[in-house]
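**Student:**
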Amino acid sequence: MMPDLGKYADAVLSSYAVSLVLLALIAWLSLRRSKRIKRELEEVETKVKSNG
Amino acid sequence: MSLNALWEYANPKKFIQTTDRVLPWFAWSAALTLVVGLIWGFFFTPDDYRQGSTVKIIYLHVPAALMAINAWLMMLITSLVWIVRRHHVSALAARAAAPVGMIMTVIALLTGAIWGQPMWGTWWAWDPRLTSFLILFLFYLGYIALWEAIENDDTAADLTSILCLVGSVFALLSRYAVNFWNQGLHQGASLSLDKEENVHDVFWYPLVVAMAGFALLFIALVLMRTRTEIRARRMRALLARERMGA
Numbered sequence: 000m001m002p003d004l005g006k007y008a009d010a011v012l013s014s015y016a017v018s019l020v021l022l023a024l025i026a027w028l029s030l031r032r033s034k035r036i037k038r039e040l041e042e043v044e045t046k047v048k049s050n051g
Numbered sequence: 000m001s002l003n004a005l006w007e008y009a010n011p012k013k014f015i016q017t018t019d020r021v022l023p024w025f026a027w028s029a030a031l032t033l034v035v036g037l038i039w040g041f042f043f044t045p046d047d048y049r050q051g052s053t054v055k056i057i058y059l060h061v062p063a064a065l066m067a068i069n070a071w072l073m074m075l076i077t078s079l080v081w082i083v084r085r086h087h088v089s090a091l092a093a094r095a096a097a098p099v100g101m102i103m104t105v106i107a108l109l110t111g112a113i114w115g116q117p118m119w120g121t122w123w124a125w126d127p128r129l130t131s132f133l134i135l136f137l138f139y140l141g142y143i144a145l146w147e148a149i150e151n152d153d154t155a156a157d158l159t160s161i162l163c164l165v166g167s168v169f170a171l172l173s174r175y176a177v178n179f180w181n182q183g184l185h186q187g188a189s190l191s192l193d194k195e196e197n198v199h200d201v202f203w204y205p206l207v208v209a210m211a212g213f214a215l216l217f218i219a220l221v222l223m224r225t226r227t228e229i230r231a232r233r234m235r236a237l238l239a240r241e242r243m244g245a
């Protein structure tokens with residue numbers, strides 16, 4: 000149930016939208032890089048081991 | 000746990016093993032606390048008699064501003080640990096925290112501008128707190144750029160640590176600017192240990208939950224990003240060793 004935000008609805012909703020998008024973006028970018036670096040390190044370690 | 004036991008976590012392997020266990024707890028508690036704090040603040044608090052519904056922006060603006068400053072202070076501590084004890088994990092933790100702190104600063108600046116337009120009649124004013132926050136944002140940008148620009152990890156850690164020390168002046172100014180100068184539009188602290196200065200309880204409780212959510216999210220992201228930086232550093236070291244051996 001949406002609260003009545005009156006004449007400030009645009010300000011309140013845009014604040015929430017911008018903030019949630021930015022928080023989701025930093026979380027997603029951090030998670031994506033974490034997975035990529037972990038995978039690449041495993042590949043490099045395997046390659047180094049196989050090269051002796 | 001003694002203070003000496005803390006230095007165990009300067010060992011990258013020990014850091015990764017420990018954070019393997021605690022990271023999911025921080026991540027889930029951050030998600031839960033943020034959802035509860037923001038839903039409580041947005042849906043279940045009344046309008047303020049002067050600010051109307053724009054008071055709901057406080058649940059984003061205040062926690063983000065608080066974490067923007069605290070992130071830099073955390074970077075200051077870890078940078079000092081790097082300078083004094085040369086622990087790589089601490090330098091990498093500072094590097095990991097910078098983008099998260101920068102996002103918090105951007106959220107604080109944007110929500111402040113969006114709130115300021117209907118309340119002050121302007122998106123921006125060269126007020127001491129706003130200006131010091133803008134400078135803090137520029138320091139975040141410079142800090143991140145400096146890490147990216149220098150190839151040698153130790154040199155980058157040294158130079159960014161010095162930049163962090165200098166930027167700490169602005170992080171502290173951002174916090175105390177309204178106390179130092181009585182000019183400008185920005186009001187004083189919304190929260191204080193002095194009960195007289197606090198906002199009303201109906202706004203205060205959800206605000207505290209939202210602040211806890213932002214703090215937990217910051218910790219979870221910094222732990223995850225520090226693990227990534229440790230792995231990336233190990234990968235660079237292995238590749239460099241390979242190249243030298245080839």
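Protein sequences, first through last, are from chains L and B. The numbers in numbering that gives the first Met the number 0 rise by one with no breaks, and the one at position 21 of the first sequence is 20. The numbers in numbering that gives the first Met the number 0 rise by one with no breaks, and the one at position 42 of the second sequence is 41. Positions of the beta carbon are idealized from the N, C-alpha and C atoms, including for glycine.
1) Quick one: is D3(L) buried, meaning 16 or more other Cβ sit within 10 Å of its Cβ, or exposed?
2) Since I believe H86(B) is in contact with V80(B) (beta carbons under 8 angstroms), could you give me their beta-carbon distance rounded to a whole number of angstroms?
3) Contact check, P45(B) vs Y7(L) under 8 angstroms by CB: the rounded distance?
4) How do the region 48 to 61 of chain B and the region 205 to 213 of chain B stand: do at least 3 beta-carbon pairs fall below 8 angstroms, yes or no?
5) Could you list the residues in the region 80 to 114 of chain B with a C-beta less than 7 angstroms from some C-beta on chain L, going in chain order?
6) Which residues in the same chain as V35(B) place their Cβ atom closer than 7 angstroms to its Cβ, once the five residues preceding and following it in sequence are excluded?
7) Is the CB of S18(L) under 9 angstroms away from at least one CB in chain B?
8) What runs of the alpha helix (DSSP H), each 4 residues or longer, lie entirely inside the region 51 to 127 of chain B?
9) Please check if any C-beta of chain L sits within less than 9 angstroms of the C-beta of A231(B).
10) Counting along the chain, where does the alpha helix (DSSP H) carrying D200(B) start and finish?
11) Under 8 angstroms, with one C-beta from each stretch per pair, do the region 21 to 33 of chain B and the region 216 to 230 of chain B reach the 3-pair mark?
12) Following the continuous alpha helix (DSSP H) through D11(B), name the residue where it begins and the one where it ends.
13) So, I229(B) versus F14(B), is the Cβ gap smaller than 9 angstroms?
14) Pairing CB atoms from the region 161 to 172 of chain B with CB atoms from the region 134 to 153 of chain B, are three or more of them under 8 angstroms?
15) Within 10 angstroms of the Cβ of G5(L), are there 16 or more other Cβ atoms? Answer buried if so, exposed if not.
16) Once DSSP output is grouped into helix, strand and coil, what is the label at D46(B)?
17) Secondary structure at N3(B), three-state DSSP: helix, strand or coil?
18) Taking all protein chains shown into account, decide if D126(B) is buried (16 or more other Cβ within 10 angstroms of its Cβ) or exposed.
19) Within 10 angstroms of the Cβ of V83(B), are there 16 or more other Cβ atoms? Answer buried if so, exposed if not.
20) If you draw a straight line from the alpha carbon of R224(B) to that of G120(B), how long is it in whole angstroms?
21) Give a yes or no on whether the minimum CB-CB distance between S33(L) and chain B is below 9 angstroms.
22) When DSSP labels each residue in this structure, what does D153(B) get in the three-state scheme?
23) What are the boundary residues of the alpha helix (DSSP H) that includes K48(L)?
24) Which of the three DSSP states is assigned to L4(L) in this structure?
25) Contact check, A107(B) vs A63(B) under 8 angstroms by CB: the rounded distance?
26) Are the CB atoms of T17(B) and R94(B) within a distance shorter than 9 angstroms?
**Tutor:** Considering the structure as presented:
1) By the neighbour-count rule (16 or more Cβ atoms within 10 Å), D3(L) is not buried but exposed.
2) 6 angstroms
3) Actually they do not touch by this definition, with Cβ atoms about 14 angstroms apart.
4) yes
5) P98, V99, I102, V105, I106, L109, T110, I113, W114
6) V208
7) yes
8) Listed in chain order, the complete alpha helix (DSSP H) runs (minimum 4 residues) inside the region 51 to 127 of chain B are 57 to 84, 87 to 119.
9) yes
10) 200 to 244
11) yes
12) Just to set this straight, residue 11(B) is Pro in the shown sequence, not Asp. Note, P11(B): alpha helix (DSSP H), 11 to 42.
13) yes
14) Two segments are said to touch when three or more pairs of C-beta atoms, one from each, lie closer than 8 angstroms; by this definition the region 161 to 172 of chain B touches the region 134 to 153 of chain B.
15) exposed
16) coil
17) N3(B) falls in the helix class under three-state DSSP.
18) buried
19) exposed
20) 39 angstroms
21) Answer yes: the Cβ-Cβ gap between S33(L) and chain B drops below 9 angstroms somewhere.
22) D153(B) falls in the helix class under three-state DSSP.
23) Membership of K48(L) in the alpha helix (DSSP H) is indicated by the continuous run 8 to 49.
24) In this structure, L4(L) counts as coil in the three-state DSSP scheme.
25) 4 angstroms
26) no
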